[in-house]
Amino acid sequence: MGAEVLARAKHVPMPARKVRRVVDRIRGLKADEALELLHVLPHAAALPVAKLIRSAIANAEENFGMSRDGLYVAKIAADDGPGVMPGKGWRRRFGGRGRSRPIRKRSSHLTVVLEEKVTSD
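Quick note: the sequence shown, position 84, residue 69 per this note's numbering, numbers continuous.
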């Protein structure tokens, strides 16, 4: 286990449930392989996840002097972010018993930890 590099993206405007579909597929992959996979995935969540991984790779190279080749996705998580609070003027949809309910706009927080693979010589 080598050094760790952390990157976060907060308030991503899509539900964490949809982002987790993408996140679960790239956990444990090398960073470059993860970017290649994200490039071909049809999900909209692949874009912010790829952007976050590119940011983490840049952090590793610039701040820690790590090589891009040895980095892999050690941990990645998509957690629930705040929902937009419905107030006056927000869109509504039909609810039960003739009432209306606010449309819930969900967001998510993404966290990725890249580690450098150490080779045992």
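Think of the CB as a built atom: it goes at the ideal place given N, C-alpha and C, for glycine as much as any other residue.
Since the structure is predicted, the reported quantities are computational estimates derived from the model, not experimental observations.
DSSP places arginine 10 within a helical segment (H, G or I) once states are collapsed to three. Here DSSP, grouped into helix, strand and coil, assigns isoleucine 38 to helix.
Remark: three or more beta-carbon pairs, one from each stretch, lie closer than 8 Å, so the stretch 44 to 54 and the stretch -10 to -1 are flagged as touching. Counting the other Cβ atoms within 10 Å of the Cβ of alanine 29 gives fewer than 16, which makes it exposed. Note that the C-beta distance between valine 97 and leucine 32 is not below 7 Å. Scanning its chain for C-beta atoms nearer than 7 Å, with the 5 sequence neighbours on each side dropped, one finds no residue around serine 52. Partner residues in the beta bridge of leucine 95, as assigned by DSSP, are Ala(-6) and Ala63. Here valine 25 is exposed. Its C-beta has fewer than 16 other C-beta atoms within 10 Å.
Serine 85 sits exposed, since fewer than 16 C-beta atoms from the chains shown fall within 10 Å of its C-beta. Here valine -3 is buried: its Cβ has 16 or more other Cβ atoms, across all protein chains shown, within 10 Å.
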